[in-house]
Amino acid sequence: MSNKDTYNLYSNERNNGYGVNQIRGGQDQLKRKIAATTESTAKKPRTDKLYEIVPGVTFPTAETMGIDTPMDPDFSRLPKGFKLGKLAREKFAGIVKADLYDQYEIQFYCSLFEHFSYNPIYLFDQDIWIPAHVHAYTEVIKFRTPPYVLLQQALSANHFHT
C-alpha cells in the first residue's frame, strides 16, 4: 500500500467516507478575515472640561491653597530632576514657606498640596476650610516626627491611660 493510499484511507475514515480529494466547491487555501474598508467607528475622546461637566469644580483659589503669592520655581533649590507638575508656582512658594529641603518631604508635600488644593478639607465642628498648604505642612511634620514621639503625644492626649 502506498502513502497516497494510506492517506486516502485515513481521510476517508476521518471524513465519514468523503476523501479530501472528493470534496468539491471548497477553497484550496484558508482566507483570513480582513477589516472592512469603511472608516472605523472609533469613539471620539471626550474633550469636555471637568468644570463644564461637574459644577463647582474650578481652578484652586488662594484661599483653598493657602498661598497668597506664587513664586517662579528655582530648580537649583529643588532635588535634581524633580518636576513640580500642576500648580508649580504655588507648590514652590509653599516649599519655600515651609523651608523644606529633603527630597521625600518635598515629594510628600507636593502630592498632598495638589490634592487638597482641588479637594479642600472642611471641618464641620469648627465650620472652617483647611487650606492645602496648612494641611500638607502639618502632614510633613508628622512624617518628619519619629514614631515614638507620636506615640508619646497620643498617650499624653488620651485621658484613659493609667
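Using our numbering, the letters of the sequence shown correspond one by one to residues 1095 to 1256.
We treat Cβ as the ideally placed atom computed from N, Cα and C, and that holds for glycine.
Using alpha carbons as the reference points, say which of His1229, Asp1166, Ala1248 and Leu1217 lies closest to Leu1181.
-> Asp1166
Expressed to the nearest angstrom, what Euclidean distance is found between the alpha-carbon atoms of Ala1248 and Asp1193?
-> 26 Å
Based on the DSSP output, what are the partners of Ile1222 in its beta bridges?
-> Leu1217
Report the three-state DSSP secondary structure of Val1148 (helix, strand or coil).
-> Residue placement at Val1148 is poorly supported in this model, since its pLDDT is 48, which falls under 50; the coordinates are not used for a value here.
Stretch-stretch touch, CB-based, cutoff 8 Å, three pairs: the segment 1236 to 1252 with the segment 1168 to 1180 | no
In three-state DSSP terms, what is Ser1250?
-> helix
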